[in-house]
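Visitor:
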Amino acid sequence: TEPISGASLGQVYVATYEGRRVAVKVRRPGVERLVETDLRVIRWSLPLVMRFVDESRSFSLETLADEFETTIREEMDYERERRMLEEIGENFADTDRIRIPSSVPEVSTRLVLTMEYVGGTKISNLADLDAMGVDRTALATTLQRVYLQMIVEDGVFHADPHPGNLAVEDDGTIVFYDFGMSGRVDPYVQGQIVDFYMAVARRDTDAILDTLVEMGTLSPEADREVMANVMELAIADARGEEIEQYRVQQIIQQVEDTIYEFPLRLPPNLALVLRVATVVEGVCVTLDPDFDFIAVATDFLRDQGYVEETAREVIQARSAEFRDLGESLVRVPPKLEQTLDSVQRGDVTVQFELDDDEAALDRLAKRLILGGLLSATVMASAVLYAFSTPVATLVPLVVAVPVAVLLWRSFRSRRGIRARPQFTRQQMRQRREEDRE
């Protein structure tokens, strides 16, 4: 029997059990030993790789390695996959337009997973979907709302939403396959995600950046002005708005000129969530290039009552701020009067401190040494040219060239990996325009 689907860890076959068609997922023989070997290689090579990666990115690299190891072990455990499939299936049991195959526990083990067979059209086959009369915008809306419910409401989610794991039935129902990669979200992270979406809906870039810092995905030292500009364009891109190309290039150049330490992080508790968000975005944009993620997310949060709750929290926060301001206004005049009296008496001194920046001093010392060496080699070339043969002149010149290059690079280089923002929808529009030309 030929498998209907296959991957590196297992293969899926169609069979008949008690008179009904079932899909049987079987783990490949010996795959666990191969995976353990690969994991040892990754762990062995990671310290070596991290020597060539900036400290600002090493945390994310370790997170990816840890997340990969956890995920691959979970994917090999079909008993865990069955439990996740059943839990998510129960969460959507009364939801129309969503179908999650039911498992057959009595013929499932840690190495074999049996579930009902559900066919469908691959969600990325746009021509077939159009022929079926499926509303692709409605399909994308349903898909995003499903994942918002999984992450924000249920706290358990299908984490591998690539087109191969999503199908569409004739009536437009979305079918989910392969729950080997799935995860959980704790309530604290759920609250942070809601705060982030609400800040995005308000286009409040300060609140967005504050939330990203709290979530651990943005360095507190990041240039807030530059990141705010990036967020404004990212929001416009997510809404499907037209962005003038010069504005995109302007922001990218601003990022490259000012952000030398990579500002983004990948916390362990958000790695899978961020992956899901990225993949779902790709699927939705494929279905509808003008899909408005923010509008759909805002509608979902409003339907679930988060918008009103957030508004009350904002009012309470502002009330507390005004109360603190009033207390400050009462305290400031006496302190100001005391300070002015001290100035009149000559009791106030101003002290300046210059921070010792070892890195800056180190760069300056290197530049002085390279500059002196370059000057010496140029002088030597001039002397040899005047009093010796032309061939002898080449010796210091050969030394001068690499020294000059090193000196030039010392002024050009900065530590860190330059961040370069990507605007998905804008890039898709550019490609469509190029294809038409």
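Heads up: the sequence shown is residues 229 to 665, going by my numbering.
For every residue, glycine included, the Cβ atom is placed at its ideal position computed from N, Cα and C.
With DSSP run on the structure shown, which of helix, strand or coil describes V384?
Guide: The answer is strand: DSSP assigns V384 an E or B state.
Visitor: Give me the Cα-Cα distance between E264 and S236, rounded to the nearest whole angstrom.
Guide: Cα to Cα, the separation comes out at about 14 Å.
Visitor: Please go through the same chain and pick out, in chain order, the residues whose beta-carbon is closer than 8 Å to the beta-carbon of G383, but skip the five residues on each side of it.
Guide: Correct list, in chain order: R412, V413, D414, P415 and Q418.
Visitor: Cβ of E230 within 7 Å of any heavy atom in the ligand PLP?
Guide: No copy of the ligand PLP appears in this structure; indeed no ligand is present at all.
Visitor: Are there 16 or more other CB atoms within 10 angstroms of the CB of T337, so buried, or fewer, so exposed?
Guide: That one is exposed.
Visitor: State the start and end residues of the unbroken beta strand (DSSP E) segment that holds E344.
Guide: That run of the beta strand (DSSP E) goes V340 to E344.
Visitor: On the criterion of 16 or more Cβ atoms from any shown chain inside 10 Å, does L276 qualify as buried, or is it exposed?
Guide: It is exposed - the Cβ of L276 has fewer than 16 other Cβ atoms within 10 Å.
Visitor: Rounded C-beta distance between Y405 and V250? I'm assuming under 8 Å.
Guide: Not confirmed; about 13 Å, so no contact.
Visitor: Going along the chain, which residues of its own chain have a beta-carbon closer than 8 Å to the beta-carbon of L339, five neighbours each way excluded?
Guide: Same-chain partners within the cutoff: V254, R255 and Y306.
Visitor: Should the stretch 305 to 324 be called in touch with the stretch 353 to 363, which here means at least 3 C-beta pairs below 8 Å?
Guide: Flag = no, the stretch 305 to 324 and the stretch 353 to 363 do not touch.
Visitor: Can you check DSSP and say which residues form a bridge with S336?
Guide: None; S336 has no bridge partner.
Visitor: Please work out which residues of its chain come closer than 8 Å, Cβ to Cβ, to I232, disregarding the five sequence neighbours upstream and downstream, and give them in chain order.
Guide: Taken in chain order, the residues that qualify are V240, Y241, V242 and A251.
Visitor: Quick check on the DSSP output: the beta strand (DSSP E) that includes G238 runs from which residue to which?
Guide: G238 to Y245 is the extent of the beta strand (DSSP E) around G238.
Visitor: Can you give me the Cβ contacts of R748 inside the same chain, cut-off strictly under 8 Å, excluding the 5 residues immediately before and after it?
Guide: Absent from the model: residue 748. The displayed extent of the chain is 229 to 665, so no value can be given.
Visitor: Return the chain-ordered list of same chain residues with a C-beta closer than 6 Å to the C-beta of V441, the five sequence neighbours on each side being excluded.
Guide: Contacts found: P448.
Visitor: Hey, S330 and R310: beta-carbon distance below 8 Å or not?
Guide: Cβ distance not < 8 Å, so S330 and R310 don't count as in contact.
Visitor: I'd like to confirm the pairing. Which residues does DSSP put opposite I326 in its beta bridges?
Guide: Per DSSP, I402.
Visitor: DSSP on T298, reduced to helix/strand/coil?
Guide: Here T298 sits in helix by DSSP.
Visitor: Measuring straight from C-alpha to C-alpha, what distance separates R503 and F407?
Guide: Those two C-alpha atoms are separated by around 15 Å.
Visitor: Considering Cα atoms alone, identify which of A387, S410 and L357 is closest to R308.
Guide: Selected option, being the one with the closest Cα: S410.
Visitor: Rounded to whole angstroms, what is the Cα-Cα separation between T298 and L446?
Guide: One C-alpha to the other measures close to 24 Å.
Visitor: At the level of alpha carbons, what is the spacing between G258 and E334?
Guide: Going by the C-alpha atoms only, they are around 24 Å apart.
Visitor: Label D388 either buried or exposed according to how many other C-beta atoms from any shown protein chain fall within 10 Å of its C-beta, with 16 as the threshold for buried.
Guide: So D388 counts as buried.
Visitor: So is D466 buried or exposed if we call it buried at 16+ other beta carbons inside 10 Å?
Guide: Correcting the residue identity first, residue 466 is Ala in this sequence and not Asp. Buried, by the Cβ-count rule.
Visitor: If you draw a straight line from the C-alpha of F615 to the C-alpha of R452, how long is it?
Guide: At F615 the pLDDT is 47, less than 50, meaning the model places this residue with poor confidence; the figure from the coordinates comes in the next sentence. Between F615 and R452, the C-alpha separation is close to 59 Å.
Visitor: To the nearest angstrom, report how far apart L292 and G247 are at their CA atoms.
Guide: So the two alpha carbons sit approximately 44 Å from each other.
Visitor: Restricting to Cα atoms, I'd like to know which of V374, G392, M443 and Q532 is closest to N353.
Guide: When only C-alpha atoms are compared, the closest one is G392.
Visitor: Let me confirm a value: G238 is counted as buried when at least 16 other C-beta atoms fall within 10 Å, else exposed. Which label applies?
Guide: Counting Cβ neighbours within 10 Å, G238 comes out buried, since at least 16 surround it.
Visitor: Residues in the same chain with beta-carbon distance under 7 Å from D356, minus the five sequence neighbours each way, listed in chain order, please.
Guide: Counting only Cβ-Cβ distances below 7 Å, and skipping sequence neighbours, we find T349.
Visitor: Taking the alpha-carbon positions, what's the A527 to I300 distance?
Guide: Inspection of the sequence shows that residue 527 is occupied by Asp rather than by Ala. Rounded to whole angstroms, D527 to I300 spans 35 Å at the Cα level.
Visitor: Confirm, please, whether the CB-CB distance from P495 to G444 is below 8 Å.
Guide: Cβ distance < 8 Å, so G444 and P495 count as in contact.
Visitor: Spatial neighbours of Y245 within its chain, please: C-beta separation below 8 Å, excluding the five flanking residues on both sides.
Guide: Excluding positions up to five away in sequence, the list reads V332, V335 and T342.
Visitor: Taking the alpha-carbon positions, what's the D358 to A395 distance?
Guide: About 14 Å.
Visitor: Do L529 and M426 have their C-beta atoms within less than 8 Å of each other?
Guide: Yes. Within cutoff.
Visitor: Do A462 and I522 come within 8 Å of each other at the CB atom, strictly closer than that value?
Guide: No; because the gap between Cβ atoms is not below 8 Å, this pair is not in contact.
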